[in-house]
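Engineer: My questions all concern the structure below.
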Amino acid sequence: MKERVVTFGNHSQLTGIVTFANIQLNPSRFSVLLLNPGLLHRVGFNRFNTDLARKVQSKGISSLRFDMLGIGDSASYNTSLPYDSQAMIDIDCAIDYLLNTTSSNNCVLIGLCSGADYSHHMAVNDNRNRISGAVLLDGFAYHTLGYYLHDYFPGILNPFKILRFLYKKIILKRLSSMRQSTSILQPENTYTRTFPPKNIVINEMQTIINKGIKLLYIFSGGIPLYYNYENQFKDMFKSVDFKNNVTFRYFKEANHTYTSITQRNYLMQIIETWLVSLNNISVNI
Amino acid sequence: MIPFFFGSGDYQLFGVYHQPEINAPKSHSILICSPIAHEYLRAYRILRKLAEQLAKNGNHVFRFDWYGHGDSRGSFDECRLSIWIQNLISAIDELTEYSGHNSVSIVGLRFGTTLSLLASENIINKIDHIVLWDPLFKGTKWIEDLTNLHSASSYLKSGKENSDYIERIGFAYSKDLINDIKDIDIFYFDSKYESVNIFSDNDTGSNQPVFSAHNPASFSLSDTHIFWNDPKSFDRIIMFSQVIKSISDIFKD
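Residue numbers (my numbering), protein chains in the order written: chain H, 3 to 287; chain D, 4 to 256.
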């Protein structure tokens, strides 16, 4: 396995690791760009990015895992640009660097949480055909009728759940308004996020699909405030014509950062299989 | 800041050297030893900040990923104490090569403190000063805390246990590593170094070892607490700690 520490971008401010494909294999036409999950450095949640990079190199796929400005080993973020705009510049720069270094035609973006959001925006805005796919982990999510049914219906016949519902909605709400910090009131590992308006995301998703970019959406059980059943993805985006370019999965048993080894291994297997299928390489899993 | 791989083959490690930013009258060579497993991920950001602060004060600083962590080679289930201790000794060699000094100071955090103390027994002549941040002295306590934290998480209750490894907070501890860790009991600390400083929250402070009479160790409770064993925050990144300033003051001449 060949890996190289690299610095690139303006004044070499960005730091990353390129994992080169096993050269004994037919190298893939695409490479993989692994994004920071939130503020976590490039190795990813529970070292997922490092493990995935090393796994797919043996399938002929090269990758770059890197830190955006202000994260991990890249330079501090001190530009006048809003953070999200700077992040898009960093990713744009990383794509060029990855394609040049690995001589691939295009790349697949893989990101969790804010990394998924950036992947979406990059796929919409890239006009140079540099992106052939994206894996979005816990990306944009919107409530549907099914969401509310799954959230409330199981409690209708259960008095304990009704009591818990009342406790959450009335007592905790009052308590939280009385306190500055609500951390002790929040369920374990529940993340709160803000998403763009649904109609905009639907239009942008259609744009991405029309470009021929393949999409793999995976949602975990760790974002119950936004996503809580298997087919919610289909219900959220039923007006989008997927054109067979979209795959989605729901890992109900996983938390947001896939702490469980079983869930993480399963996630890795799904992504690896999907990547290999993009490359039309047969693999036994 | 210079990131690079060092070591060779299957034991290649990732490290970052921070050059001194000013010409200090007396610069130190400081090796930062990070925690292991899930705590390594939580502490990466804060240890980089510490390294930068120390370099800003004119010190040579080196931090690295243990075997089976981050960008270093290996997987966690292959890790053993002996490998990590060897990593630490290799990291000291890298640092002294850059700084030109013959000896180093070590700043350890959590399990990094344990490894620093264990490794230092073999390299006494190379160590000037040792700083222990939220130290761990008893292996059994670490395993116990880890197990409690793991069982407290609703997502992890069905953690894998088989004949080869035990899953704790996302990492597969081999039975051999668990046994290695259980054997750790630093109950008497006879320092051969210039001085030892310990920064700790209440949780770990109660487990400090007995210090020998001639040991110039100082013990401080930190103002900001990092809740290492809180099930709500086991995967939260540590953003800030006042301990950084306290540690960098030690190495400011």
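Note that the Cβ used here is the ideal one computed from N, Cα and C, for glycine as well.
CA-CA distance, D/L112 and D/P138?
Structural biologist: In a straight line, the C-alpha of D/L112 is about 6 Å away from that of D/P138.
Engineer: With 16 other CB atoms within 10 Å as the buried threshold, where does D/P38 fall?
Structural biologist: Burial call: buried.
Engineer: Could you tell me the boundaries of the alpha helix (DSSP H) in which H/K57 lies?
Structural biologist: Unbroken alpha helix (DSSP H) run through H/K57: F50 to Q59.
Engineer: What would DSSP say about H/N257, mapped onto helix, strand or coil?
Structural biologist: The answer is coil: DSSP assigns H/N257 none of H, G, I, E or B.
Engineer: Would H/F235 and H/Y260 qualify as a contact pair, given that the criterion is a beta-carbon distance under 8 Å?
Structural biologist: No; because the gap between Cβ atoms is not below 8 Å, this pair is not in contact.
Engineer: Please list, in chain order, the residues of the stretch 37-51 of chain D that have any C-beta partner in chain H closer than 8 Å.
Structural biologist: Under the 8 Å Cβ criterion, the stretch 37-51 of chain D contributes H41, L44, Y47, R48 and R51.
Engineer: So what does DSSP say about H/N281, is it helix, strand or coil?
Structural biologist: Here H/N281 sits in coil by DSSP.
Engineer: Compare the C-beta of H/F155 with all C-beta atoms of chain D and state if any pair is closer than 8 Å.
Structural biologist: Not one chain D Cβ lies under 8 Å of H/F155.
Engineer: How many Å lie between H/L54 and H/N38 at the Cα?
Structural biologist: Roughly 14 Å separates the two Cα atoms.
Engineer: Report the CB separation of D/K255 from D/N60 in whole angstroms; it is logged as a contact under 8 Å.
Structural biologist: Confirmed, Cβ separation roughly 5 Å.
Engineer: Measure the CB-CB distance between D/V246 and D/F190 and report whether it falls below 8 Å.
Structural biologist: Not a contact, by the Cβ cut-off of 8 Å.
Engineer: Would you kindly work out how many angstroms separate the C-alpha atoms of D/T143 and H/I112, rounded to a whole number?
Structural biologist: When rounded, the distance between both Cα atoms is 39 Å.
Engineer: Mind listing the chain H neighbours of D/F7? Cutoff is C-beta to C-beta under 9 Å, in chain order.
Structural biologist: Those within 9 Å of D/F7 in chain H are V7.
Engineer: Against chain D, with Cβ distances strictly below 8 Å, would H/I215 count as a contact?
Structural biologist: Closer than 8 Å: no.
Engineer: Hey, would you say H/L100 sits closer than 8 Å to H/L66, going by beta carbons?
Structural biologist: Yes, these two residues count as a Cβ contact at 8 Å.
Engineer: Taking C-alpha atoms, which residue in D/W87, D/G115, D/I126 and D/S221 lies nearest to D/Y14?
Structural biologist: Among D/W87, D/G115, D/I126 and D/S221, the Cα nearest to that of D/Y14 belongs to D/W87.
Engineer: Distance, Cα to Cα, D/L149 vs D/A46?
Structural biologist: Cα to Cα, D/L149 sits roughly 16 Å from D/A46.
Engineer: Taking the alpha-carbon positions, what's the H/F250 to D/F243 distance?
Structural biologist: Looking at the two C-alpha atoms, the distance is approximately 37 Å.
Engineer: According to DSSP, is D/I146 helix, strand or coil?
Structural biologist: D/I146 falls in the helix class under three-state DSSP.
Engineer: Name the chain H residues whose beta carbon is nearer than 9 Å to that of D/S175?
Structural biologist: Reading the sequence as shown, one finds Ala at residue 175 of chain D and not Ser. Within chain H, the residues near D/A175 are I263.
Engineer: So, is H/D98 buried or exposed, given that buried needs 16 or more other C-beta atoms within 10 angstroms?
Structural biologist: Exposed, because fewer than 16 other Cβ atoms sit within 10 Å of the Cβ of H/D98.
Engineer: What are the uninterrupted segments assigned as alpha helix (DSSP H) that are 4 or more residues long and contained completely in the stretch 88-125 of chain D, given in chain order?
Structural biologist: You should have 114-123.
Engineer: Would you say the stretch 76-83 of chain H touches the stretch 8-19 of chain H, given that touching needs at least three Cβ pairs under 8 Å?
Structural biologist: They touch, by the three-pair rule.
Engineer: By the criterion of Cβ-Cβ separation under 7 Å, what are the contact partners of D/I169 in chain H?
Structural biologist: Ordered by position in chain H, no residue passes the 7 Å Cβ test against D/I169, which lies about 11 Å from the chain.
Engineer: Less than 8 Å between CB atoms is the rule here; does D/Y70 satisfy it with respect to chain H?
Structural biologist: Output row for D/Y70: interface = no.
Engineer: For H/Y169 versus H/N230, is the C-beta spacing smaller than 8 Å?
Structural biologist: No.
Engineer: Is it buried or exposed for D/G1, if we count other Cβ within 10 angstroms and need 16 for buried?
Structural biologist: The requested residue 1 of chain D is not part of the displayed model; chain D covers only 4 to 256.
Engineer: From what residue to what residue does the beta strand (DSSP E) around H/Y219 run?
Structural biologist: That run of the beta strand (DSSP E) goes K216 to S222.
Engineer: For D/N128 and D/D96, what's the separation of their Cα atoms in angstroms?
Structural biologist: Roughly 13 Å separates the two Cα atoms.
Engineer: For the beta strand (DSSP E) that H/L36 lies in, which residues bound it at each end?
Structural biologist: Counting along the chain, the beta strand (DSSP E) containing H/L36 begins and ends at F32 to L36.
Engineer: Taking the straight line between their C-alpha atoms, what separation do you get for H/I225 and D/F67?
Structural biologist: Whole-angstrom Cα-Cα distance: 33 Å.
Engineer: Starting from the Cα of H/M90, find the closest Cα among H/D69, H/S105, H/N108 and H/V20 and give me that residue.
Structural biologist: The shortest Cα separation from H/M90 among H/D69, H/S105, H/N108 and H/V20 belongs to H/D69.
Engineer: State the start and end residues of the unbroken beta strand (DSSP E) segment that holds H/H308.
Structural biologist: Not covered by the structure: residue 308 of chain H. The range shown for chain H is 3 to 287.
Engineer: Within 8 Å of any Cβ in chain D, is that where the Cβ of H/G113 sits?
Structural biologist: It does not: the Cβ of H/G113 has no partner Cβ on chain D nearer than 8 Å.
Engineer: Just verifying my parser: in three-state terms, what is the DSSP assignment at H/A118?
Structural biologist: Three-state DSSP puts H/A118 in a helix.
Engineer: The beta strand (DSSP E) that contains H/Y79, what's its start and end?
Structural biologist: Looking at the DSSP string, H/Y79 is not in any beta strand (DSSP E), and its letter there is neither H nor E.
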